[in-house]
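*Asks:* Residue numbers (my numbering), protein chains in the order written: chain A, 2 to 350; chain B, 100 to 452; chain C, 872 to 1385; chain D, 1300 to 1616. Using N, Cα and C, we set each Cβ at its ideal position, and we do this for glycine too.
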Amino acid sequence: MKKEHVFEVVRSLVAILLAMLLGFIVTYLVSKQPGEAFQSFLTGPFTSPRRFGNLIEAAIPLTFTGLAVSMAFQAAQFNIGAEGQFFFGATAATIVGITVPAPGWLHPILALAVGGVAGAFVGWIPGVLKARWGASELVSSLMLNYVFFRVGMYLINYHYRDTTAGAMVSLPLKETSWLTQFLPPTRIHYGIFVAILAVIFTYLFLYRSRWGYALRMTGLNLPFANYSGINTTSVITYSQVISGVVAGIGGAVEMLGIYHRFQWLALPGYGFDGIIVAILARNNPLGIPLAALFLAYLRTGADIMARTTDVSAEMITVIQAVMILLVTAQAFLAGWKHRIVVKEAKQSV
Amino acid sequence: SKTADKPAAPGGDQNAKAPLKVALLINGTLGDKSFFDSANAGIERAKKELGVDAKVIEMGNDPSKWEPTLADVSEEKYDLIILGTWQMTEALQKIAPQHPDKKYVIFDTAVDYTKANLSNVYSIEYSQNEGSYLAGALAAMVTNSKLPNANDKHTIGFLGGMDIPVINDFLVGYIAGAKAVDPQIKVAVSYVGDFANPAKGKEMALAQYQQGADIGFNVAGETGLGQLDAAKELKKYAIGVDSDQAMLFKDSDPEKANLIVTSMLKRVDNSLVRAIKLYQEGKLTLGKAETLGLKDDAVGLTNNEFYQKLTDDAMRSKLDDLKAKIISGEIKVDSAMGMDNAKLNEIRNSVKP
Amino acid sequence: MDVLLEMKGIEKIYPNGVVANQGVDFSVAPGEIHALVGENGAGKTTLMKILFGLEQPEGGTITYKGKPLHIASPHVAIANGIGMVHQHFMLVPSLSIAENVVLGLEPKRGLSFDWKTAVSQTEELAARYNLPVNPTARVQDIPVGMRQKVEILKALMRGAELLVLDEPTAVLTPQETTELFAALKKLKSQGHTIIFISHKLREVKEISDRVTVMRAGRLIGVTDTATATERDISRMMVGRDVVLHVDKPPTTPGDAVLRVEGVRYVADTGKEVVKGVSFEVRAGEVLGIAGVEGNGQRELVEILTGLRKPSAGRVIAAGKNVTGKDCRAVRQAGVGHIPEDRMTHGVAGLGTIEENLIADRYDSKALNPRFLLSLKSVSELGKKLVKEFDIRTQSPKTPVKMLSGGNIQKVVVAREFSANPKLIVANQPTRGVDVGATEFIHKKLLENCAEGAGVLLISADLNEVMSLSHRLAVMYGGEIVAVFPNADEVTEEELGLYMLGVKRMKLAAGSEAS
Amino acid sequence: MSEMLQAIFSTSFAYSVLRVTTPLLFAALGGLVSDLAGVINIGLEGMMLAGAFAGVVVSAFTHSAFLGLVAAVASGVLMALILGYFSLKLKTDIILAGIALNLFASGGTVFLLYLVAHDKGVSTSLASKVLPQVTIPILDKIPVLGPIFSGHNVLVYVAMIAAVVVWYYLYRTPAGLRLRAVGENPNAADSVGISVHRVQFTALIISGILSGFGGAHLSMGYVSWFARDMTAGRGFIGLAAEALGGRTPVGTVLASVFFGIADALSNYLQSLSIPSEFIQAVPYALTVIALAVYARQQTRKRARLAKLSQNPEKKAA
Ligand SMILES: Nc1ncnc2c1ncn2[C@@H]1O[C@H](COP(=O)(O)OP(=O)(O)OP(=O)(O)O)[C@@H](O)[C@H]1O
Ligand SMILES: Nc1ncnc2c1ncn2[C@@H]1O[C@H](COP(=O)(O)OP(=O)(O)OP(=O)(O)O)[C@@H](O)[C@H]1O
Ligand SMILES: [Mg+2]
Ligand SMILES: [Mg+2]
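1) Under 6 Å: does the beta carbon of A/Ser71 sit that close to some heavy atom of ligand 1?
2) Please confirm whether B/Pro297 has its beta-carbon closer than 7 Å to some beta-carbon of chain D.
3) Could you please tell me which residues of the stretch 331-348 of chain A, in chain order, have their CB closer than 9 Å to any CB of chain C?
4) Using only the alpha-carbon positions, how far apart do D/Val1429 and D/Asn1484 sit?
5) With 7 Å as the threshold, decide whether the Cβ of D/Met1347 is near any Cβ in chain B.
6) Where D/Phe1308 and B/Gln310 are concerned, what is the direct C-alpha to C-alpha distance, given to the nearest angstrom?
7) Could you please give the first and the last residue of the uninterrupted alpha helix (DSSP H) stretch that includes A/Thr352?
8) Less than 6 Å between the CB of B/Ser173 and some heavy atom of ligand 1, yes or no?
9) How is C/Glu1164 classed by DSSP in three states: helix, strand or coil?
10) Classify B/Leu123 as helix, strand or coil using the three-state DSSP reduction.
11) Output the boundary residues of the alpha helix (DSSP H) element that contains B/Met346.
12) Tell me the start and end of each unbroken beta strand (DSSP E) in the stretch 242-298 of chain B that is at least 3 residues and wholly inside, in chain order.
13) May I ask whether a heavy atom of ligand 1 can be found less than 6 Å away from the beta carbon of C/Val889?
14) Would you check if the distance between the CB atom of D/Gly1511 and the CB atom of D/Ala1416 is smaller than 7 Å?
15) Please give me, in chain order, every unbroken run of the beta strand (DSSP E) with length at least 3 that falls completely inside the stretch 134-190 of chain B.
16) For chain A, check one thing: does any of its Cβ atoms lie closer than 7 Å to the Cβ of C/His1216?
17) Inspect the CB distances between the stretch 1075-1088 of chain C and the stretch 886-894 of chain C and report whether three or more fall short of 8 Å.
18) Using the beta-carbon count (16 or more within 10 Å), is C/Phe960 buried or exposed?
19) Are the C-beta of A/Met2 and some C-beta of chain B separated by less than 7 Å?
20) Measuring alpha carbon to alpha carbon, tell me which of C/Val1109, C/Ser1105, C/Leu1178 ends up nearest A/Leu223.
21) Pull up the DSSP beta-bridge partners for B/Gly315, would you.
22) For a test of the three-state rule: what should DSSP assign to D/Lys1614, helix, strand or coil?
23) Is the Cβ of C/Glu1173 closer than 7 Å to any Cβ of chain A?
24) Taking 6 Å as the line, does the beta carbon of C/Ala913 fall inside it for any heavy atom of ligand 1?
25) Using C-beta distances below 6 Å, list every residue in its chain close to C/Ala1127, excluding the 5 sequence neighbours before and after it, in chain order.
26) So is B/Gly292 in contact with chain D if we call contact Cβ pairs under 7 Å?
27) By DSSP, does D/Gln1305 sit in helix, in strand, or in coil?
28) I'd like to know if the stretch 1029-1037 of chain C and the stretch 944-964 of chain C are in contact, where contact means that at least 3 CB-CB pairs between them fall below 8 Å.
29) Kindly examine ligand 6 and report whether one of its heavy atoms sits closer than 6 Å to the Cβ of C/Ser1275.
30) Starting from A/Arg209, follow its DSSP beta bridges and name the residues at the other end.
31) Would you list, in chain order, the members of the stretch 126-147 of chain A that have their beta-carbon closer than 8 Å to a beta-carbon of chain C?
32) Less than 6 Å between the CB of C/Thr917 and some heavy atom of ligand 1, yes or no?
33) For B/Arg415 and B/Lys365, I'd like the C-alpha separation in whole angstroms.
34) Can you list the residues of chain A that B/Gln186 reaches, using a CB-CB cut of under 7 Å?
35) Let's see if you can read the secondary structure: which residues bound the alpha helix (DSSP H) around B/Lys202?
36) Classify C/Lys1057 as helix, strand or coil using the three-state DSSP reduction.
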């Protein structure tokens, strides 16, 4: 068994190396400074505290949406809606941050809670439609992204827009609501602790609570769960709702920690990233932060490469896509793995 | 050894052989056929004409990356850092004071000089509402004209990317200009909700044309290009924005180009070349904001072969007249910047078809 | 002696490290019916999958018709006249029988699939081998026995000379089994060779010419069927003597733990599949319900256990009215349920044994002393049950999917029996389970009964219902058509007649089987 | 207001519904074929985008709209092969592979656009071709029907034909039978010697062809150039339409048209005094409502069926 774990590590490394090689070849073809470009990609995130901070900052929202998506996946429910939940959570937190007068310690908690409730609402709709009537949650959660994007834009535009600003942004959030950035020059903020709490919470919820148990069994085999006396209708609903809570809190954290005023004009894309993170982590909450860091590392490195060399940002998207494909290729080097297994089995017989 | 060849102090130091190092930060991506492309064009010209050494950095559409990029770039060996849009002002107000040795130019907005020591920042604003005023006036004249594709309705169109202040600034000027020519004018206003969905843009423009508009103004990035296709399909007129859209299609699609009466431009390119030049000469008024408008030729309608073909002398002289009045201050054009929704709605409803 | 097929030194190691075949030598003579037997997980199916090209061995050679043959895929096997009827049916439920039979060999007219020819080809084939089916029926609507025939027709359609049948009788009635055997003998007489896998040694004795026995991935031996007794074979399989017949203890039944009153059920299609069934099960007794599958037993069981809501009627379990209540309520009333299909309802395959064992009590106070689940209690319970129910596994934390069928069944039984149920509804509790495990499950069932639980046993295996039940009822066409207050006084043949609807008792309405 | 209503009840509205529906229908049919073969295709968006791009570039360089169309289809197929190679051969999670493919297409097209057109946004500097509009002889003269159905871009008709062909392929040909068998029970197909991978690859390729057409319609019919990310989520909408349509060709067509109507409607509703955000949300909100209503009705129907026979029983009792 041990050798198999070693194999997994080696396989991932080889896949990453291969993807890098491919990336390097392409870089070599398109860049006049391929060596420098690639080096800045690989080591860029570690060359200054701020850049390292960027990596961590980027991993925080990814952790939330990754957790959210994996929660739904564990219940064998699709959730393409983390995007809308994240967005709407951020919108709701913005409103609380602008309007509610509250002391410094309470304000963020309040904003996060409201963000979570907003996300929960967006998650509840596909959940209940699926649980009650079997309506495809893939369709509804996808469509709700577009709906709640517009609802959020309307709220900001018509009710909380900063009319003195030269762009479509909300009024600034009251400073009491901010999640303080405590490690200058980075922008790492208290939201990181909320993220860690979220990881611990989802882990405990999924693996240590009766509700999480019911959720996982429903995901593994729905008729079995039904037969065992689990109320699968409510499980399906609450899996989406909790997924929405986590994504919504994620949006709120991002808003309170990084932005301090609402300024998105399009869906920010963390929902889809969350799917990537969840699959990379195989839906294991404890693996989610690592997968989020990995993706954040790719992104930050790529940004730095695009910024400091002549390789374009688009090329980097392509290289990222190739890496994601190769790293998650289960059958990549499977023949080799099988030989190891056979050898071990023969020895142990 | 690296510190030894640190670039010489900026500002017309003649003995410095090292070219001026300039960075242009794009908080979005190139290819918008709008002011980022225009800024990029300005930098290209500055490279050629002024001999600067420049790098253009696309920061993408994720706002959370913009501030750290600015901070990063400020630590690198650039002399002059150029950036644009209101969204960058808060970041710049924070970072510029930390790098007093660096100089910054921000275009299409102004920093708040009362907020910090921003003596190293030069701001350029454009009165796009003034240019749009002229576009509105022209549109009103076209819809009332005898041009082959004009109808007898007093309706013109406006296709916005999103219902947001920058876009509405164009709209407010456009409506005002149109009303100045024809108080009866109706303006069909649609927002696509997306800057990168040309097919949807075309669809909405078609809807406007079918509901009676015979000319429309698109202010919607790539989405807006869909309006031009709609114009071609229904044989209606269009007014472009931010780049000379008739010239874009002059060779690839002359039929379409023939329907684009003019385009309303913000000449970011000119203003940046000017700023870099002033800087090299040591004359840039750092620590101040300047508003460039019709009088500086920083905004205005394009004058090309199609414009000449589609407009007559009367139209052109009317436009010249209005332009002169705006420059002289006789006409004051409202701005949507800082306008609340109630006022905005009042304006939109006053011309609702 | 002639050899048609010779497999030599076959080695198979699955990607998860399970050694399923270890140097297995297996040979079949032309024209014989060759039985392959062994405990669950012995490697029979694996060996046959290798023969059919569904799995690739790590070592060994296959010689077929005197020539070495490399079977890279089922395509190769089929091309060489090897056909296989799988243990778990490989049919496409939404397609018709004809479409399933011709799949891969579709007749064409122009570009189109020629439906008429497909139907007539299926009809012809069915007539030729005496395996009557309705070609236009959808597979999802036909009973299991019929599916079995479709599988055989599929193989014959492809011109199989060597036909592998993996546990074909597990789901058949005695009459159907007899029919099948007749068909197999006919095939044999037409020159086909048959490999036959079964856990029912009686059938092996009846149909086969020779028997190969496997245990734990190895070949144990080959014998002529005529010279070996059932006892000999089972000793070879298990490595010890097995009690093949249970002695059920006499019983003095107590109060009714289950009362079913006029239960009806109408399916989505509008067809009434349970037509007013009434009966009672008393504490301490086993009521057996015999019947050919597809006569409403499944729906009835699902209604009794809360998986379905009845269209009419009442169900009173352990004194509580649970009519139309969900599984949870039924379980809380004290009902345990061994479901028909263990992989669908009985377990979550990817879950660990432990997780599967707590499915009915995951929210109990005992497992949740405080806010969270107590992993310690869960693991203690797991260890205890694994030991008590003799679940053969490396650890209680092994995913259930890795166990063999018999052991998976033991997981289900362990969970259901350890909850101290007042009533156990056991639907086909030993289907596809080997002799050793069957013996064990029967023993446990009777133990529970002796401790005062009532048992409702539904089985297509007549031997099983007859030897375990105190009372017997027969279901046919959604109704109870016969009741025998003393199960020992009935013969198999007589039961069979009721099961096929040939005979029917006059029963007082409302008091049936009480 | 009255002008708006007039516009909505006009033939040109119906005409625009067909046009709006076309790219969605292509995507939805592509999604349907691969879904029925058991491979859910999240990469439709990327396939369409690649098609839209290749069509423009090749037609510009060859001066042939037809070759452009061929290239669009070919690049859709190429994307399908990449998706198939990773998900089927290398066992990358199919959803992840689809998402990665979309990233790949999004970045790759802009990158290549810059190489060929020196522009990162739109391809207007390339004199690319558009596919012809087709006037259907007799139909053309019929009132109402003529203006609605005649004079569309040729791909609008291709889409209609494709819907019929896909139906025929899936339900009337041996290959379609195999495809459905593979999607429903791959083991069954495997056991009769059908190569599951080959069938799934084929399905993905068909999906790629259809997406290629969809992409070409956007850049060589709808508008006449390529713009970055111009598919703007249509691949996903197609996937939703296929799911909404209950994974059947007829349902898929109906769902696509439904979405087309909702979308076209939102274009006309802008003249109402409602914040534009709400109008933009209309097509999506309507889809959710339709989905819910349909699903609810199905559930009720089932419940009603089960109850029917209670009545005779009650009478008897
Ligand atoms: N696909 C597979 N992957 C991993 N292990 C497997 C697989 N199929 C079978 N096994 C394991 O291989 C061993 C032999 O299984 P096999 O199915 O051949 O047994 P069998 O003799 O057919 O048993 P049964 O009588 O229960 O059908 C078992 O331990 C089983 O768990
Ligand atoms: N991919 C797999 N990985 C691990 N175990 C597997 C896999 N596929 C099958 N198995 C397990 O291998 C065992 C053997 O499978 P098979 O289908 O041959 O029969 P079985 O379930 O043992 O038969 P029976 O129904 O007679 O008990 C089963 O327990 C099955 O769950
Ligand atoms: Mg007019
Ligand atoms: Mg087996």
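*Replies:* If we stick to the structure as given:
1) With a cutoff of 6 Å, A/Ser71 does not count as near ligand 1, since its C-beta is closer than that to no heavy atom of the ligand.
2) yes
3) Ala335, Lys338, His339, Val342, Val343, Glu345, Ala346, Lys347
4) Rounded to whole angstroms, D/Val1429 to D/Asn1484 spans 43 Å at the Cα level.
5) No, D/Met1347 lies away from the interface with chain B (no Cβ there is under 7 Å from its Cβ).
6) 12 Å
7) Nothing about residue 352 of chain A can be read from this structure; chain A reaches only from 2 to 350.
8) no
9) coil
10) strand
11) 344-347
12) 254-259, 285-290
13) Flag set: Cβ of C/Val889 near ligand 1.
14) no
15) 152-157, 179-183
16) yes
17) yes
18) Of the residues assessed, C/Phe960 falls on the buried side of the cut-off, its CB having 16 or more other CB atoms within 10 angstroms.
19) Only weak support is given to the placement of A/Met2: the predicted model assigns it a pLDDT of 46, under 50, and the value that follows is read from those uncertain coordinates. Not one chain B Cβ lies under 7 Å of A/Met2.
20) C/Leu1178
21) B/Gly256, B/Ala337
22) Low confidence applies to D/Lys1614: its pLDDT is 36, below 50, so where it sits in the model is not reliable enough to give any reading.
23) no
24) Flag set: Cβ of C/Ala913 near ligand 1.
25) Glu1151, Arg1153
26) yes
27) helix
28) yes
29) The model on display carries ligand 1, ligand 2, ligand 3 and ligand 4 but not ligand 6.
30) Beta-bridge pairing links A/Arg209 to no other residue.
31) none
32) yes
33) 20 Å
34) Ala168, Gln264
35) Unbroken run through B/Lys202 is the beta strand (DSSP E), 202-206; no alpha helix (DSSP H).
36) C/Lys1057 sits in a helix when the DSSP states are folded into three classes.
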